[in-house]
Amino acid sequence: TKGSCWHEAKMDEGAKYRELRVRLRGRGDPKSRTTRKSFWNAVRFTGEVKDKEAEEPDLSLLNDYTLRRFLIARKWNVKKAEKMVRDWAKWRLMNDVDNLLTPTGKLPEEPSDILFQALIPCCNFGVDKQGRPIYWERTGMMDVDRLLKYCTEDDLVRRYVRNMELTRLKLQQASRKALSRTLLEAVVPEERPAMLITEYTAPDFVPQIAIFDFAGLSAVPKGPVLNLTKRCMKIGQSFYPERLGRALMINAPRLFRGVWALLSPFMDRSTRRKITVHGKNFSKEIQAEIDIDTIPVEYGGKAELPEGLRVHPEEKQEELIRKFEILTPKAQKRIGSGPMRLVEDEKLDEDESG
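Okay, so the sequence shown: first residue is -15 according to the numbering used here, each after it adds one.
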């Protein structure tokens, strides 16, 4: 029957999940701190990672939610998922990703913050009707070319990773809220969804929704901007899989076809299915996902436009850039923080998810 087929499919996924857990953690107690620590130590002492004095990584990251995301990203192919997880662990250690945020989980202040305030209108603001955090970006009004006069491409890639780490923490917070609501609403323990009952105290299953506004886009990105975009996309798909729930690209002009033609080949098929493109008639689509009280007035809602989304006039931009130049020593004007290293440079399979 249809029901039994569904049950068999779920059982098969469960078996693959258990196989992956054994491959990565060994046959010890998967809840054990010692078991997870042995995995990280094995990664730390091999190949690209040689610093035995490095700080111990966040052991809680190797949890069941993480493993499930990598399994989904590799279509439940255990061997491919295992390689993806090991590459993810190496990458985190090689680039000291655990220490990109402050101990309290905030973005550390940097001189380049002033530049981003002036030239890059974007922010995290509100949650949608499903409780998913919303990332807003006025892509068409970003001046990345100008930003690259003061920052290196590697600076911007590192900042992207910092923001992804912040997003990871926000999604964990949203997951805890969703779990609390579910447990409070459950009448008896047996009715609680199995996916929410784990041995970990930090649930992490809620994805993000993103709104990209292309109003103001006047040229197809090329050169350094295109290369930067590709690098960030590769990092997102390789090391933050299944974090995106939905993306709406709005106010897309005619030349967006050129942008899409350049970028879509670097997205896996699963990610492309989560993205919808809209022109100026996007209100119905946004309001289907987000409550009108959370949508900024500029997008047909009732909320005040967040400060991070404001586009500054030229005079204000110049004022902020002068402030950056005053606060930043001349030798550090072009910041240069060093590259974010990848484990290896390989193309993702077309059918594999991000």
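Even glycine gets a Cβ: it sits at the ideal position worked out from N, Cα and C.
Review point. With a CB to CB cut of under 7 Å and the five nearest residues on each side skipped, what residues in its chain are close to lysine -14?
Key: With a pLDDT of only 39 at lysine -14, under 50, the local geometry of the prediction cannot be trusted, and the value read off the model is given with reservation. Taken in chain order, the list of residues that qualify is empty.
Check your understanding: Just reading off the beta strand (DSSP E) that glutamine 192 is part of, what are its end residues?
Key -> 192 to 197
Check your understanding: DSSP beta-bridge partners for cysteine 135?
Key -> Cysteine 135 is not bridged to any residue.
**Study point:** Short Cβ contact (8 Å threshold) for alanine 65 with leucine 132
**Key:** Taking 8 Å as the Cβ cut-off, alanine 65 and leucine 132 do not qualify as a contacting pair.
**Study point:** Presumed contact (8 Å Cβ cut-off) between glycine 263 and alanine 231, rounded CB distance
**Key:** Going by Cβ atoms, the distance from glycine 263 to alanine 231 rounds to 16 Å, so no, they are not a contact pair.
Review point. On the three-state DSSP scale, how would you describe isoleucine 276?
Key: coil
Exercise for review: Identify which residue in Asp48, Leu289, Asp42, Asn147 has its Cα closest to the Cα of leucine 8.
Suggested key: Asp48
Practice item. Please determine if the stretch 107 to 123 and the stretch 71 to 78 are in contact, where contact requires at least 3 C-beta pairs separated by less than 8 Å. Key: Contact fails: fewer than three Cβ-Cβ distances are below 8 Å.
**Study point:** Cβ-based neighbour list, phenylalanine 308, same chain, cut-off 6 Å, excluding 5 preceding and 5 following
**Key:** Ile98, Leu99
Check your understanding: Identify the residues that DSSP records as bridge partners of threonine 260: which are they?
Key -> According to DSSP, which records beta bridges pairwise, threonine 260 is partnered with Leu232.
Exercise for review: Pull up the distance between the alpha-carbon of alanine 272 and that of cysteine 106, whole angstroms please.
Suggested key: Going by the C-alpha atoms only, they are around 22 Å apart.
Review point. Does any residue of chain C bring its CB to less than 8 Å from the CB of leucine 163?
Key: No chain C is part of this structure, which consists of one protein chain only.
Practice item. Give me whichever residues DSSP pairs with tryptophan 120 in a beta bridge. Key: Cys107, Ile195
**Study point:** threonine 339 versus arginine 143: straight-line alpha-carbon distance, rounded
**Key:** Since the first residue of the chain shown is -15 and the last is 338, residue 339 is not available in this structure.
Exercise for review: Provide the residue span of the alpha helix (DSSP H) that contains methionine 126, from first to last.
Suggested key: No alpha helix (DSSP H) holds methionine 126; DSSP gives it neither H nor E.
Point to revise | With 16 other Cβ atoms within 10 Å as the buried cut-off, status of glycine -2 | key: exposed
Review point. Beta-carbon separation of threonine 255 and glutamate 269 under 8 Å?
Key: no
Point to revise | Spatial neighbours of asparagine 147 in its chain, beta-carbon cut-off 8 Å, leaving aside the 5 residues before and after | key: Leu91
Check your understanding: Would you say valine 145 touches the ligand COA, meaning its beta carbon is less than 7 Å from a heavy atom?
Key -> Among the ligands in the structure shown, none appear at all, so the ligand COA cannot be discussed.
Check your understanding: Going by DSSP, which residues form a beta bridge with alanine 287?
Key -> Pro280
Exercise for review: Give the DSSP-derived three-state secondary structure of arginine 238 in the structure shown.
Suggested key: coil
Check your understanding: Taking C-alpha atoms, which residue in Ala194, Val204, Lys63, Asp252 lies nearest to isoleucine 219?
Key -> Asp252
Exercise for review: Count the other C-beta atoms from every protein chain shown that fall within 10 angstroms of the C-beta of asparagine 79, then say buried if there are 16 or more, exposed otherwise.
Suggested key: buried
Practice item. Measure the CB-CB distance between leucine 210 and leucine 239 and report whether it falls below 8 Å. Key: no
Point to revise | Element boundaries [alpha helix (DSSP H), containing alanine 73] | key: 62 to 78
Point to revise | Secondary structure of methionine 251, DSSP reduced to three states | key: Collapsing the DSSP output to three states places methionine 251 in coil.
**Study point:** Cβ-based burial, isoleucine 181 [other Cβ within 10 Å; buried from 16]
**Key:** Since pLDDT at isoleucine 181 reaches only 45, below the 50 mark, its modelled position is unreliable, and the value read off the structure follows with that caveat. The residue is exposed, with fewer than 16 neighbouring Cβ atoms inside 10 Å.
Review point. Helix, strand or coil: how does DSSP classify leucine 91 here?
Key: coil
**Study point:** Pairwise C-alpha distance: aspartate 277 and serine 267
**Key:** 13 Å
**Study point:** For leucine 84, three-class secondary structure by DSSP
**Key:** coil
Practice item. Specify the secondary structure class of alanine 158 as computed by DSSP and reduced to three states. Key: Alanine 158 carries a helical assignment under DSSP once its states are collapsed to helix, strand and coil.
Review point. Leucine 85 to glutamate 302, Cα distance in whole Å?
Key: Leucine 85 and glutamate 302: Cα-Cα distance of roughly 29 Å.
Check your understanding: Where methionine 126 and alanine 26 are concerned, what is the direct C-alpha to C-alpha distance, given to the nearest angstrom?
Key -> Between the C-alpha atoms of methionine 126 and alanine 26 there is a straight-line separation of about 42 Å.
Check your understanding: Is it the case that the Cβ atoms of leucine 293 and arginine 122 are separated by a distance below 8 Å?
Key -> Contact: yes.
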